[in-house]
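Undergrad: Before anything else, here's the structure in question.
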Amino acid sequence: MSTHLREAILDAPPLEPPTKPNPNGFVGVIREPAPGKPLAVVAEGLVKTYTVGKSTVQALDGINLTVEEGTVLGLLGPNGAGKTTTVRILATLLRPDAGRATIMGHDVVTEADAVRSIIGLSGQYAAVDEHLTGRENLYMFGRLYQLSRNDAKRRAKELLEQFALTDAADRVVKTYSGGMRRRLDLAGALAGHPRLLVLDEPTTGLDPRSRIAMWDAIRDRVREGTTLLLTTQYLEEADELAHSIAVVDQGRIIARGTADELKSDIGGERIEVVVTAHEQIDAARHVLWNGPDADVTIDLHTRRITVPAHGGAARLAEVIRELADASIPIDDIGLRRPTLDDVFLTLTGHVAEQTEGNGNGYLDETRGQS
Amino acid sequence: MSAIATPRAASANSFRQAVSDGLVVAWRNLKRVPRIPELAIFAIIQSIMFVLLFAFVFGGAIPLPDGGSYREFLMPGIFAQTVAFASAITAIGMTEDVKKGIIDRFRSMPMSRSAVLSGRAIFDLVYQSFIVLVLMISGFAVGWRVHGTVLEFFAGVGLLLLFTFAMSWVGIWMGLYMKTVETAQQMGFTIIFPLTFVSNVFVPPETMPSWLQPVAKWNPVSTLTAATRDLWGNPNPYASQGFPAEHPALLTIIWIVIMVAIFGPLGVRKYRSLSN
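Each protein sequence line maps, in turn, to chains Z and B.
So that you can map any letter, position 85 of the first sequence is 338 in our numbering, and since no number is skipped, the others follow by simple counting.
So that you can map any letter, position 190 of the second sequence is 765 in our numbering, and since no number is skipped, the others follow by simple counting.
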């Protein structure tokens, strides 16, 4: 790249502290890895603005991120939070407007070639050639990762076995199921033995069984010592796979820690009530909680209301009595520990978006009615 | 994980790498051909349709001034038209690759920055050679003959293939700019149709309005057609005075050099900055 661009990046003014108020006023805790540990990824103040027609969209608003070698970082956030933009910058596909990032010490802009030879990227859409067979795809990727013909052949065979694709190896990808394509896509990212694996929403749109198969395949890579940066909009996925979770919203990291740390950040237990009649959701909500709407989750579809439980079991007993007094019949009631859903809701003021057909039942979930 | 299988340093030997990566991409495109046979079949049918339409439908109404065979006159133009149209197919293919995300994957790999494009151009060259061969056989069947020497025949074929290569870079560049496969299709045909019809392929440029005649005479499709007609001893009756008529082969080579010199670097530049 040209020197003036490089200078422009190096001379970028120091980043201002975040000024956009968090919708909920909740400031998340951002826990970076302990100093001194070897870092696979370092991103400092990444800014990216897109111009769409006459309006500009600030995709990234100063992303700071580190990933320790040999660990899994989950970038968790809703659609449009900036996850994919971050990943595209780290994978050398996009240049940041400001800030810098290094992979294993190599700058993603000035040493893009070096970065490309140590990363493996698998994107949101299965980027394989559907008119080639699985084996041909992997052979091609191996060759383009600069393996020799024989090594590329051997690597393709090895990966087909590891991803349970041997039976389908010589069929064109067009005939593969969605899950098989994703596994092949992931295998393709591994063709060059990357030190950092970057997965952008690896299971979006997969059925639950394929998703679990994909998780197993990903876990195997991590066990072998590959560092993984993963983006997801599924809380469950971050919980399952990531050692550390960074919550992204509106182009910034708003909290970071392990799943347990994030859950304990937002404090106590929750009371969950399922009312019998749809019409009584509103009435029940007022019995259950007088505090701010943002703390309430209502799933209209399952008639489930979730509120903070200050006072634990005693409060639960109280709530049961109050609901009975108000003549609101219920199907189910209970106390539970906060989930990542609650973390997300508390941090961002909106629930995690779920795509249709994932079977998790988040579709009708709405913010507390106001 | 064997030590041998570790990727070599990307800087190893950039030219050799560019060639080797380009060949891998060309291999990929070639592998696709028998998997989507309809693409090749329609390309050939379309060209044969033009041969039949003009040989049997319009041919009778377009007499050559010196009474030469219209079919011998027509075939070199059909070849030129076919390879020109191929660039629209190339554009569609590139747009599709960008849309389907495979270009992103290539761009995240330690491969040569020109290989995806040069691989496509190499593929087009091989693939169009095959199409042209099939067309030559069909042309032979309807009465097209070559009267020059073997050397002249191959010189004409060489010119045709070089032109294919150049048009391929135009198609690649267009394909990288288009946002959807449909626009690539529209765009390709909107440009290529006039290019092949405002030419000497089917009718004499002299019959066109005077402002259009220079376009038809300098048009690379016309110069290529005139050059191959000359080389193969096919009738080329509309060659009037002027540089394009007197030096069609030279002008075609100049066109080829200009096209590759402009669209090659433009394409690579666009590829490098895709999505930025």
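For glycine and all other residues, C-beta sits at the position ideal for the given N, C-alpha and C.
Between residue 760/B and the rest of its own chain, which residues show a CB-CB distance below 6 Å, the 5 nearest in sequence each way excluded?
TA: Within the same chain, residue 760/B has close Cβ partners 667.
Undergrad: Between residue 610/B and chain Z, is there a C-beta pair that is closer than 8 Å?
TA: yes
Undergrad: With distances taken between CB atoms, is the gap from residue 327/Z to residue 495/Z smaller than 8 Å?
TA: yes
Undergrad: Could you compute how far the alpha carbon of residue 405/Z sits from the alpha carbon of residue 412/Z?
TA: Rounded to the nearest angstrom, the two C-alpha atoms are 10 Å apart.
Undergrad: What residue range is occupied by the uninterrupted beta strand (DSSP E) comprising residue 299/Z?
TA: Residue 299/Z -> beta strand (DSSP E) spans 292-305.
Undergrad: Measuring alpha carbon to alpha carbon, tell me which residue in 535/Z, 561/Z, 336/Z is nearest residue 482/Z.
TA: 336/Z
Undergrad: Tell me where the alpha helix (DSSP H) around residue 750/B begins and ends.
TA: 725-752
Undergrad: Can you list, in chain order, the stretches of the alpha helix (DSSP H) that have 4 or more residues and sit fully within the segment 577-640 of chain B?
TA: 589-607, 612-627
Undergrad: By the 9 Å beta-carbon criterion, what residues does the segment 345-361 of chain Z contribute toward chain B?
TA: 345, 346, 347, 348
Undergrad: Using a Cβ-Cβ distance under 8 Å, would residue 683/B count as near chain Z?
TA: Yes, its Cβ sits closer than 8 Å to a Cβ of chain Z.
Undergrad: Would you tell me roughly how many angstroms separate the C-alpha atoms of residue 374/Z and residue 686/B, rounded to the nearest one?
TA: 14 Å
Undergrad: Among 649/B, 809/B, 601/B, 821/B, whose alpha-carbon lies nearest the alpha-carbon of residue 724/B?
TA: 809/B
Undergrad: Expressed to the nearest angstrom, what Euclidean distance is found between the alpha-carbon atoms of residue 838/B and residue 742/B?
TA: 9 Å
Undergrad: Which residues does DSSP pair with residue 314/Z in a beta bridge?
TA: 300/Z
Undergrad: Should residue 689/B be flagged as near chain Z, meaning a C-beta pair shorter than 8 Å?
TA: With its beta carbon at least 8 Å from every one in chain Z, residue 689/B lies outside the interface.
Undergrad: Check for me: the beta strand (DSSP E) holding residue 707/B runs from which residue to which?
TA: Where residue 707/B is concerned, there is no enclosing beta strand (DSSP E), although the alpha helix (DSSP H) it sits in stretches over 690-716.
Undergrad: Which same chain residues, not among the five before or five after residue 824/B, have their C-beta less than 6 Å away from its C-beta?
TA: For residue 824/B, same chain residues with a beta-carbon under 6 Å away, outside a window of 5 residues either side, are 802 in chain order.
Undergrad: Express the C-alpha separation of residue 646/B and residue 804/B in angstroms, rounding to a whole number.
TA: Between residue 804/B and residue 646/B, the C-alpha separation is close to 12 Å.
Undergrad: Between the alpha carbons of residue 653/B and residue 799/B, how many angstroms are there, rounded?
TA: 11 Å
Undergrad: What is the DSSP secondary structure of residue 611/Z, counted as helix, strand or coil?
TA: Here residue 611/Z scores only 33 on pLDDT, less than 50, and its place in the model is too uncertain to base an answer on.
Undergrad: Going by the beta-carbon positions, is the gap between residue 524/Z and residue 568/Z smaller than 8 Å?
TA: One thing to note: residue 524/Z has its Cβ within 8 Å of the Cβ of residue 568/Z.
Undergrad: What is the rounded straight-line gap between the Cα of residue 399/Z and the Cα of residue 727/B?
TA: Whole-angstrom Cα-Cα distance: 42 Å.
Undergrad: Residue 375/Z bridges to which residues according to DSSP?
TA: Partner(s): 452/Z.
Undergrad: Under 8 Å, do residue 511/Z and residue 490/Z count as touching if we go by C-beta distance?
TA: In this structure, residue 490/Z does not lie closer than 8 Å to residue 511/Z by Cβ.
Undergrad: Please identify, using Cβ separations under 9 Å, the residues of the segment 750-762 of chain B that lie next to chain Z, in order along the chain.
TA: none
Undergrad: Do residue 596/Z and residue 558/Z count as a contact pair if the criterion is CB distance below 8 Å?
TA: no
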